[in-house]
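One structure is given here, and the rest of the page talks about it.
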Ligand code: FES
């Protein structure tokens, strides 16, 4: 039944004089609603059960607030601003803490939202009257009287839920919502806390890889991985070891680490270590276009590119000799090995970083230095070309 077909709407003056109960009653009549049941969830006030329900809801909101605050603390890490930074598995204590960072973010934020939702559900279940009403479908838009009465009904529902006198629930809910709001604000801000320019000379910074020598003048060789993780004598790569058109994955070996099993293993396992050593066929080498400023990074037909994709860091392990394309299997980016490994297909936008190489007096391939740019995925401090 629509308002037009129901009881006669009151005048504005009559409307202004009605209290909330009268407006609720009028609203149901005008809407053709019949309230079959409208029980007070707690007809006897102040019972132990009612207080228990209130405390349970406050506890969920409190847990939500605590979890959200814990999330902010984790993301802001006030006691150690570097604990989320990558720590090698060889650094057992630091790596354990580092490994907890992402789970800690997920658990704290997830618990904050879940606890808030449970608190709201419990409040609805325990304190909002569960009325049974029957209403016929109406046509057309709402009239002023409908709007006034629906507002009264909503206010009445709020009033009957007794939220006004439940300061414990109000305070804990406010705390929970406020803390989650703080957590939501911390998320985008936290991305800007780390300064990639800080401590750039550190070998573990974003700008360096294990191809950086430990001290000036130290030679860093290109090392072959033989499948043995506990080698203390490295197998080094000589210029004549690769056939034309071949590709091999090589790792850094610093002279200062000879005999040091742990350090050599570390160099094999570091994510930024692997490099693709490609020996071009002479006919292809003649077509090479070198990158400005990197004209002497190759040694003859040998070119060395990082294996870490410039898109999101997968290993670009596939080299197609016929087309001289390097392929990343993750999202199918392709890089042109004849054109300083610049991307020619797929989502990657930056060339693979090139390692400058040469040979020593004995013919072993060595790095002339570290990469001159950060390897791997893009970040805001990197230039596109
Ligand atoms: S990580 Fe290589 S294409 Fe996405």
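Residue numbers (our numbering): 509 to 893.
Note that beta-carbon positions come from the ideal geometry of N, C-alpha and C, so glycine has one too.
Distance between residue 638 and residue 564 (C-alpha atoms, nearest Å): What you label residue 564 is simply residue 56 of the chain shown in a count that begins at 1. What you label residue 638 is simply residue 130 of the chain shown in a count that begins at 1. Between residue 564 and residue 638, the C-alpha separation is close to 20 Å.
Whole-angstrom distance between residue 678 and residue 630, CA atom to CA atom: Counted from its first residue, the chain shown places residue 630 at position 122. Counted from its first residue, the chain shown places residue 678 at position 170. Their Cα atoms are separated by approximately 14 Å.
Straight-line gap, residue 858 to residue 848 (C-alpha atoms, nearest Å): Position 350 of the chain shown, counted from the first residue, corresponds to residue 858. Position 340 of the chain shown, counted from the first residue, corresponds to residue 848. For residue 858 and residue 848, the distance between alpha carbons rounds to 10 Å.
Cutoff 6 Å; reference residue 753; Cβ partners in own chain excluding five residues on either side: One-based indexing of the chain shown puts residue 753 at position 245. The residues 789, 829, in chain order, have a CB closer than 6 Å to that of residue 753 in the same chain once the five nearest residues on each side in sequence are set aside.
Chain-ordered residues, beta carbon under 7 Å from a heavy atom of ligand 1: This criterion selects 817, 819, 820, 821, 822, 824, 836, 838, 839, 840, 841, 854, 855, 856.
Terminal residues of the beta strand (DSSP E) in which residue 785 lies: Position 277 of the chain shown, counted from the first residue, corresponds to residue 785. It spans 783 to 787 - the beta strand (DSSP E) in which residue 785 sits, taken as one unbroken run.
Residue 876 versus residue 883 - alpha carbon distance: Against the chain shown, residue 876 aligns to sequence position 368. Against the chain shown, residue 883 aligns to sequence position 375. Looking at the two C-alpha atoms, the distance is approximately 17 Å.
Simplified DSSP state of residue 636, which is helix, strand or coil: Taking the chain shown and counting its residues from 1, the one referred to as residue 636 is at position 128. Under the three-state reduction of DSSP, residue 636 is assigned to coil, being neither helix nor strand.
Anticipated Cβ contact below 8 Å, residue 894 with residue 747, distance rounded: Lying outside 509 to 893, the shown extent of the chain, residue 894 is not represented and no answer is given.
Three-way DSSP call (helix, strand, coil) for residue 833 in this model: Position 325 of the chain shown holds residue 833. DSSP places residue 833 in strand when its eight states are reduced to three.
Reduced DSSP secondary structure (H/G/I, E/B, other) of residue 777: Position 269 of the chain shown holds residue 777. In this structure, residue 777 counts as helix in the three-state DSSP scheme.
Own chain residues within Cβ distance below 6 Å of residue 499, not counting five before or after: Past the edges of the chain, shown from 509 to 893, lies residue 499, and the structure says nothing about it.
Rounded C-alpha distance that separates residue 784 from residue 567: To locate residue 784, count along the chain shown from 1; it is residue 276. To locate residue 567, count along the chain shown from 1; it is residue 59. About 57 Å.
Counted within 10 angstroms of its Cβ, other Cβ atoms place residue 780 as buried (16 or more) or exposed: As a working mapping, residue 780 is identified with position 272 in the chain shown. Residue burial is scored here from C-beta neighbours: residue 780 has at least 16 other C-beta atoms within 10 angstroms and is therefore classed as buried.
Contained beta strand (DSSP E) runs [length at least 3] in the stretch 822 to 876, N- to C-terminal order: Within the stretch 822 to 876, the complete beta strand (DSSP E) segments of 3 residues or longer fall at 826 to 828, 833 to 835, 842 to 844, 850 to 853, 865 to 867, 873 to 875, listed in chain order.
In DSSP terms, what residue 756 is bridged to: Taking the chain shown and counting its residues from 1, one reaches residue 756 at position 248. Paired residue(s): 785.
Whole-Å CB distance - residue 837 paired with residue 825, under 8 Å assumed: Here the question's residue 837 lines up with position 329 in the chain shown. Here the question's residue 825 lines up with position 317 in the chain shown. Rounded, the Cβ-Cβ distance is 7 Å, consistent with contact.
Collapsed DSSP secondary structure at residue 663 in the structure displayed: Working through the chain shown from its first residue, we reach residue 663 at position 155. Residue state, collapsed to three classes: helix.
Ligand 3 heavy atom lying under 6 Å from the CB of residue 795: Ligand 3 is not part of this structure, which contains only ligand 1.
According to DSSP, residues forming a beta bridge with residue 761: Reading the chain shown from its first residue, position 253 is the one you call residue 761. For residue 761, DSSP records a beta bridge to 729.
Residue closest to residue 520, alpha-carbon to alpha-carbon, out of 671, 688, 690, 657: The sequence position of residue 520 within the chain shown is 12, counting from 1. The shortest Cα separation from residue 520 among 671, 688, 690, 657 belongs to 657.
Best match in 807, 855, 851 for proximity to residue 873 [C-alpha to C-alpha]: For the purposes of this step, residue 873 is identified with residue 365 of the chain shown, where counting begins at 1. Of the listed residues, the one whose Cα sits closest to residue 873 is 807.
Alpha helix (DSSP H) runs wholly inside the stretch 544 to 581, at least 4 long, in chain order: Counting only runs that start and end inside the stretch 544 to 581, there is no alpha helix (DSSP H) element of at least 4 residues.
Under 7 Å between C-beta atoms of residue 726 and residue 763: For the purposes of this step, residue 726 is taken as residue 218 along the chain shown, with counting starting at 1. For the purposes of this step, residue 763 is taken as residue 255 along the chain shown, with counting starting at 1. Yes, they are a contact pair.
Outcome for residue 840 when other beta-carbon atoms lying within 10 angstroms are tallied against a minimum of 16: Looking up residue 840 in the chain shown gives position 332. A residue is called buried once 16 or more other Cβ atoms fall within 10 Å of its Cβ, and residue 840, having fewer, is exposed.
Beta-carbon gap between residue 959 and residue 845 smaller than 7 Å: Lying before the first or after the last residue shown, residue 959 is absent from the chain, which here runs from 509 to 893.
Counterpart residues of residue 642 in DSSP-defined beta bridges: Locating residue 642 in the chain shown gives position 134, where the first residue counts as 1. By DSSP's assignment, residue 642 forms a beta bridge with 542.
Option in 674, 692, 539 with minimal Cα separation from residue 579: For this step, residue 579 is matched to residue 71 along the chain shown. Nearest C-alpha to residue 579: 692.
Length of the line joining the Cα atoms of residue 842 and residue 854: For the purposes of this step, residue 842 is identified with residue 334 of the chain shown, where counting begins at 1. For the purposes of this step, residue 854 is identified with residue 346 of the chain shown, where counting begins at 1. Rounded to the nearest angstrom, the two C-alpha atoms are 6 Å apart.
Rounded C-alpha distance that separates residue 795 from residue 772: Locating residue 795 in the chain shown gives position 287, where the first residue counts as 1. Locating residue 772 in the chain shown gives position 264, where the first residue counts as 1. Roughly 37 Å separates the two Cα atoms.
Distance CB(residue 562)-CB(residue 550) smaller than 7 Å: The residue labelled residue 562 in the question sits at position 54 within the chain shown. The residue labelled residue 550 in the question sits at position 42 within the chain shown. One thing to note: residue 562 has its Cβ no nearer than 7 Å to the Cβ of residue 550.
For residue 811, the nearest candidate out of 863, 684, 831 (CA to CA): Your numbering for residue 811 matches position 303 in the chain shown. Of 863, 684, 831, the smallest CA-CA separation from residue 811 is found for 863.
Own chain, CB closer than 7 Å to residue 815, minus 5 neighbours either side, in chain order: Counted from its first residue, the chain shown places residue 815 at position 307. Counting only Cβ-Cβ distances below 7 Å, and skipping sequence neighbours, we find 757, 782, 783, 784, 823, 824, 825.
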